[in-house]
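The sequence shown begins at 314 in my numbering and counts up one residue at a time.
Heads up, the beta-carbon is just placed ideally off N, CA and C, and yes, glycines get one too.
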Amino acid sequence: MWSGIGLGTVVILVVAAIVAVYLYFGTLAHHVKVKGLQSGNNNILLVGSTDRCSLKHQNSAYGYCDAGVNGVNSDIVMVAHLGGNGKVSLLSIPRDLFVPNSRVGNNANKIDAALYNGPSQLAAAIEEDFGIPINHFVELNFDTFANVVDAVGGINMYFPRRVFDAYSSLNIERPGCYHLDGIHALQVVRARHLQIQYSAVDGTNPRLWPNEPLSDLARIRRTHEFMRVVAAKLASQGIGNLAADISLATTVLPDLTVDNGFSEGEMLTLAKNYHSTNISKVPQLTFPIVVNQTGSYTYQGVPGYGDVEFPVQPGGWQTVDQIFGVQTDQSPWTGKPLPLPDAFHVSVENATGTANQAATVAEALDHKGFVVNQTGDRTPVGTPEETFVWYGGGPPPASGNWKSASLQAALRVMTVLQGPVTLGYDPAMVTHGDMVTVQTGSDLTIATRNWTAPPTTTTTSSTIATTTVKGTTTTTVATPTTVYDPPGVSSDNNLSAPSFTAQPLEPWDPRTCPSGMPVWVDRSKQ
314 MWSGIGLGTV VILVVAAIVA VYLYFGTLAH HVKVKGLQSG NNNILLVGST DRCSLKHQNS
374 AYGYCDAGVN GVNSDIVMVA HLGGNGKVSL LSIPRDLFVP NSRVGNNANK IDAALYNGPS
434 QLAAAIEEDF GIPINHFVEL NFDTFANVVD AVGGINMYFP RRVFDAYSSL NIERPGCYHL
494 DGIHALQVVR ARHLQIQYSA VDGTNPRLWP NEPLSDLARI RRTHEFMRVV AAKLASQGIG
554 NLAADISLAT TVLPDLTVDN GFSEGEMLTL AKNYHSTNIS KVPQLTFPIV VNQTGSYTYQ
614 GVPGYGDVEF PVQPGGWQTV DQIFGVQTDQ SPWTGKPLPL PDAFHVSVEN ATGTANQAAT
674 VAEALDHKGF VVNQTGDRTP VGTPEETFVW YGGGPPPASG NWKSASLQAA LRVMTVLQGP
734 VTLGYDPAMV THGDMVTVQT GSDLTIATRN WTAPPTTTTT SSTIATTTVK GTTTTTVATP
794 TTVYDPPGVS SDNNLSAPSF TAQPLEPWDP RTCPSGMPVW VDRSKQ
């Protein structure tokens, strides 16, 4: 009996010690105040920051703060949705998406610029312009990425072709499998100006090799594969092993920034519930976009926005619905049915200069059952013009739940619009007397069919032969999942075709090393 009590006491002490250690992990992270977050812990905004000035140690590989490399942007923007039964989905949002509520200088801008105004603004932009509730904020900097890789002893990645990026310092001088430390792995993740030696015809000078198209989307594609490789390395070392977890946490967490509400208890609960998640089976989707191909974008008469991308519908809201596991007529915010079309008033404002466009769109919305209260005209904002679905109501509270009937109404309107269309919270832009205002763009069309729930993204194995050594490598990659190409987009030469929501690796992309392949160490200049 006494020996039984003694053993039970030991077990309790061990469990208490483990819990205490995991709670201590949470205190290592840097906490900041982030306004407008919703209650719960299902949706975590993951941000990769370019803030060199916040690094504890300056590094020439990143650029020096005191040399003027002091911009604060979010190169990586992801939403991790934590569902029931340990299911996880990841949604990447391209950094060059042009949205209303970045609010840089009280204006629209690329989504990556929102972080310049602080994490609260970036979280608000995701909530207001995408209809995605955010519960927690996690920001990683260059050091965090590098330290994760170094903490697991580095990673191995296979490069099928020679690639070079002058901006990130990535320089793979011959195809093969390379062991990468944290700095060199970061070069892979940061690469968005990649030059590729497709064949011997391209010569040996990497600065003269062809540039990779769609740099923004390409970096997301490689980041997803990088996460799979790192996760596999972590799994091989046994996450959940106390000693390994302590080593990793004490290395990584001091460079991590999280919101004040992300308590140590919540971190522990999430670690318990999702520690066995296999990231190779996690859907990693990318919000679909169309690229503005007119050159540097001008908005409201202000030039200099550079290359921008627009959200494309219906692919955008269908992708969000897929991540959240809701049907077409349900809200990803609440999971409940969206309001019926005749339950609120809509106005249509023509912002294209095209004669009678407001009347044409209003008539089409009327046929869909919406109550169009009034139409009008507004000054065009850009070329080509993006369509905005403005809604008002009370702003998101500093904390708690945002119960916005106007947002739900706007989400309902979004389900019938096609083309470069985005949500926008701004009561001043909503015509008086209405709940939602559609400010039309030049490529807007109204859906002629009722959309169904999007298909589930699947994965497949793709065998890719090496070019310099014997053997092949098999990598699990996403099957390319296309989105509907609206008539207004397909007929506009100023816009690209909609991007994939699940991007397959390209033949030159780094990936998991095949078994048995010799591993070289990347000793290129940092």
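Hey, would you say R505 sits closer than 8 Å to R475, going by beta carbons? no
Selection from R503, S415 and F411 that minimises the alpha carbon distance to N454: R503
Just to confirm the assignment: which complete beta strand (DSSP E) runs, minimum length 3, are found wholly within the stretch 629-690? 658-663 and 684-690
Go ahead and label T787 buried or exposed: buried means 16 or more other beta carbons lie within 10 angstroms of its beta carbon, across all protein chains shown. Low confidence applies here, because T787 scores a pLDDT of 43, under 50, leaving its location unreliable and the question unanswered by this model.
Helix, strand or coil: which one does DSSP assign to Q508? strand
Go ahead and pull the three-state DSSP assignment for D572. strand
For my contact list, T641 and T765 are in at a C-beta cut-off of 8 Å; report their separation, rounded to the angstrom. 6 Å
By the three-class DSSP mapping on this structure, what secondary structure does V501 have? helix
Would you mind stating whether Y618 and G399 have Cβ atoms separated by less than 8 Å? no
Between which residues of its own chain and G361 is the CB-CB distance below 6 Å, once the five residues before and five after are set aside? D388, I389 and L453
Mind checking L724: buried by the 16 CB within 10 Å criterion, or exposed? L724 should be labelled buried.
A426 to T758, Cα distance in whole Å? 29 Å
Is L499 closer than 8 Å to A464 when the C-beta atoms are compared? no
Taking the straight line between their C-alpha atoms, what separation do you get for S593 and M470? 15 Å
For the stretch 436-505, which segments carrying the beta strand (DSSP E) assignment without a break, of at least 3 residues, lie completely within its bounds, in sequence order? Within the stretch 436-505, the complete beta strand (DSSP E) segments at least 3 residues long are 449-453, 468-472, 476-478, 483-485 and 489-493, listed from N- to C-terminus.
Would I357 pass as a contact of H449 if the rule is Cβ separation under 8 Å? In this structure, H449 lies closer than 8 Å to I357 by Cβ.
Can you give me the Cβ contacts of L483 inside the same chain, cut-off strictly under 7 Å, excluding the 5 residues immediately before and after it? If we look at L483 and ignore the five residues flanking it on each side, its Cβ neighbours are V476, F477, Q500, V501 and A504.
Segment contact flag, the stretch 723-743 with the stretch 645-662, C-beta cutoff 8 Å, min 3 pairs: yes
Measure the alpha-carbon distance for V694 versus M748 and round it to whole angstroms. 22 Å
When you compare only the Cα positions, how much space is there between V565 and S589? 20 Å
Which residue's Cα is closest to the Cα of V625: V639, V603, Q635 and D634? Between V625 and the set V639, V603, Q635 and D634, the nearest pair of CA atoms involves V603.
In angstroms, rounded to a whole number, what distance separates the CA positions of Y797 and R520? 37 Å
Proximity of T696 and T753 at Cβ, strictly below 8 Å: no
Beta-carbon proximity of W821 to T750, cut-off 8 Å: no
To which residues of the same chain is R541 closer than 6 Å at the C-beta, ignoring the five residues directly before and after it? In chain order, I592 and S593 place their CB closer than 6 Å to the CB of R541, counting only its own chain and leaving out the 5 sequence neighbours on each side.
In terms of alpha-carbon separation, which member of L403, N807, D835 and P827 lies closest to D620? Checking every option, the nearest Cα to that of D620 belongs to N807.
Quick check: the Cα distance between P526 and F443, rounded to an integer number of angstroms? 26 Å
Please report how far the alpha carbon of Q643 lies from the alpha carbon of L720, in whole angstroms. Their Cα atoms are separated by approximately 13 Å.
Look at P601 and G628 and say whether their C-beta atoms are less than 8 Å apart. G628 is positioned such that its CB atom lies closer than 8 Å to that of P601.
Going by DSSP in three states, I559 sits in which element: helix, strand or coil? Here I559 sits in helix by DSSP.
CB-CB under 8 Å to T582, same chain, minus the five flanking residues each way: which ones, in chain order? N354
Nearest-angstrom Cα separation, counted from V834 out to P827: 16 Å
For P596 versus G349, is the C-beta distance shorter than 8 Å? no
Own chain, CB closer than 8 Å to D495, minus 5 neighbours either side, in chain order: Correcting the residue identity first, residue 495 is Gly in this sequence and not Asp. Answer for G495: F458, A459, N460, V461, V462, D463 and G467, listed in chain order.
Please name the residue, chosen from F701, T761 and T814, that lies closest to P740 on a Cα-to-Cα basis. F701
Just how far apart, CA to CA, sit V685 and N663? 14 Å
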